[in-house]
Structure formats: C-alpha cells, structure tokens
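Some notes on the structure that comes next.
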Amino acid sequence: MSSLNDDFKELLERIRHGRELSHASFEPIYYLVFPPSKILEVKRQMPAWTAKLKNEGWNVHVFSILENIAQILEAAPLRNIWLTADSKAPTKWEKTNQSLANTLSNGSLQKLLEEKLSELDNQDKSILLVTDLEALHPYMRIGAIEVNLQGKFTSPAVFFYPGERTGKTKLKFLGFYPDDGNYRSLHVGG
Numbered sequence: 037m038s039s040l041n042d043d044f045k046e047l048l049e050r051i052r053h054g055r056e057l058s059h060a061s062f063e064p065i066y067y068l069v070f071p072p073s074k075i076l077e078v079k080r081q082m083p084a085w086t087a088k089l090k091n092e093g094w095n096v097h098v099f100s101i102l103e104n105i106a107q108i109l110e111a112a113p114l115r116n117i118w119l120t121a122d123s124k125a126p127t128k129w130e131k132t133n134q135s136l137a138n139t140l141s142n143g144s145l146q147k148l149l150e151e152k153l154s155e156l157d158n159q160d161k162s163i164l165l166v167t168d169l170e171a172l173h174p175y176m177r178i179g180a181i182e183v184n185l186q187g188k189f190t191s192p193a194v195f196f197y198p199g200e201r202t203g204k205t206k207l208k209f210l211g212f213y214p215d216d217g218n219y220r221s222l223h224v225g226g
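Okay, here's the thing in structure tokens:
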C-alpha cells in the first residue's frame, strides 16, 4: 500500500503531464483517493502539500466543502425553523438531515464551486484544492456536483476524496456508499 506522500507525488507528476483526451474527459480534474481512516493525516499534510505546490510556482487556491456548507446553512432562510425543531426533538435526525440535504442539493454548493472555478479562468498556473469532502455526508456526493460542472475546469482541480477505488473510474465515498462510476476525473491512490 502506497503512502499518502507517494500518492501526492504521483498526483503532481500527472498534473505536470496534463490529461489526455479519453472517453471520460480531458478536463484537468484529479482525485487523490485515500482511506477514510486517513482523513486527519490528509489535513495534517495539507500545509506541506500546499507549500510544495507554491514552491513549484503554482498559484494555490483552496475550496473547503466544509466551510462552504457552513456558509450556506448559516444563511439559509429556514435556519431558525431548523434550530427550533432541533431543540424540540433533538433525536429526529432523519428529518433534520433531509431538510439540510434539500438545502444543499438546490445547487448552492455547486454555484459556489463554479464561481471559484471562474475566478481561476485567466490566472496563470492556478490550481484548486477541493478539501473536506467528508462534510458532504450524509447529504450528497461530489460526483453529483462534478458532472454538472463539466466544461468549467480550465485550471487543474484536485479533490481530496476519502473513500475507495473499486475500478478505473469507480469510487466508493467514505468506503460504505455504493460504487459510483460517474466521475470524469483521473484517480490516484485509494
């Protein structure tokens, strides 16, 4: 089993060479796939990996799924209703999660990521690191967003994906969701 640092080195090498036209996509979308048990290790490595990219001349941008979800939910019109309902029935997780999932699946998270991608359009040597994908559980998976952003990736984007590879294009989010083969990205690790 390779180490996270070895996988990151391989990922960098693949980014340097770029994507070739294939049946899935040619967009510069990369996934660093790692076991969910390594989530904290990935977070610890992130400053070193970011510094390495900067030392190689990359203009590094980070899009935290966690921070953007928090921003969306903080500004949601139903927030006060959720808080009131939660205080009355704190163990009714199914209803709470469904309401939060509905709020996130309305395209707001996708829109924020799309805005970040468009910011990078005219910047030289930009790279986007998409972190904290585990925050999507139990609401949605990143593949649902990636597929809707096809054609929007002009700079390399690296998704730090906690899960398992189950084939060349199939991923299993957090190791327990069903396999999903709808990714149009290049996968390293896992």
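Under our numbering, the sequence shown is numbered contiguously, ending at residue 226.
Every residue, glycine too, gets a C-beta built ideally from N, C-alpha and C.
Everything numeric in this text was worked out from a predicted model, so none of it was measured.
{"Item": "Could you name each continuous beta strand (DSSP E) segment of 3 residues or more that falls completely within the region 45–118, going from the start of the chain to the end?", "Value": "65–70 and 95–100"}
{"Item": "Tell me whether residue 146 is buried or exposed, calling it buried when 16 or more other Cβ atoms sit within 10 Å of its Cβ.", "Value": "buried"}
{"Item": "Ends of the alpha helix (DSSP H) at residue 164?", "Value": "Note, residue 164: premise wrong, no alpha helix (DSSP H); beta strand (DSSP E) at 162–167."}
{"Item": "Using 8 Å as the threshold, is the region 154–173 in touch with the region 201–208, meaning 3 or more CB pairs across them?", "Value": "no"}
{"Item": "Could you pull the start and end residues of the beta strand (DSSP E) that residue 193 belongs to?", "Value": "193–201"}
{"Item": "Considering only C-alpha positions, which residue in the set 172, 183, 185 and 90 is nearest to residue 196?", "Value": "172"}
{"Item": "Count the other C-beta atoms from every protein chain shown that fall within 10 angstroms of the C-beta of residue 220, then say buried if there are 16 or more, exposed otherwise.", "Value": "buried"}
{"Item": "From what residue to what residue does the alpha helix (DSSP H) around residue 179 run?", "Value": "178–184"}
{"Item": "Would you kindly work out how many angstroms separate the C-alpha atoms of residue 87 and residue 40, rounded to a whole number?", "Value": "16 Å"}
{"Item": "Buried or exposed for residue 123, going by 16 or more other Cβ atoms inside 10 Å?", "Value": "exposed"}
{"Item": "With H, G and I counted as helix, E and B as strand and the rest as coil, what does DSSP make of residue 221?", "Value": "coil"}
{"Item": "Which one of 189, 116 and 170 has the shortest CA to CA distance from residue 149?", "Value": "189"}
{"Item": "Could you give the DSSP three-state label for residue 122: helix, strand or coil?", "Value": "helix"}
{"Item": "Could you work out which residue in 184, 53, 49 and 157 is closest to residue 95 when comparing CA atoms only?", "Value": "157"}
{"Item": "Residue 151 to residue 128, Cα distance in whole Å?", "Value": "34 Å"}
{"Item": "Who are the near neighbours of residue 53 in its chain, counting only those whose CB is closer than 6 Å to its CB and skipping five residues on each side?", "Value": "none"}
{"Item": "I'd like the list of long-range same chain contacts for residue 178, defined as Cβ closer than 8 Å, with 5 residues on each side in sequence excluded.", "Value": "101, 166, 169, 172, 195, 197 and 209"}
{"Item": "Quick one: give me the first and last residue of the beta strand (DSSP E) that residue 149 is part of.", "Value": "Residue 149 -> not in any beta strand (DSSP E); alpha helix (DSSP H) instead, spanning 144–155."}
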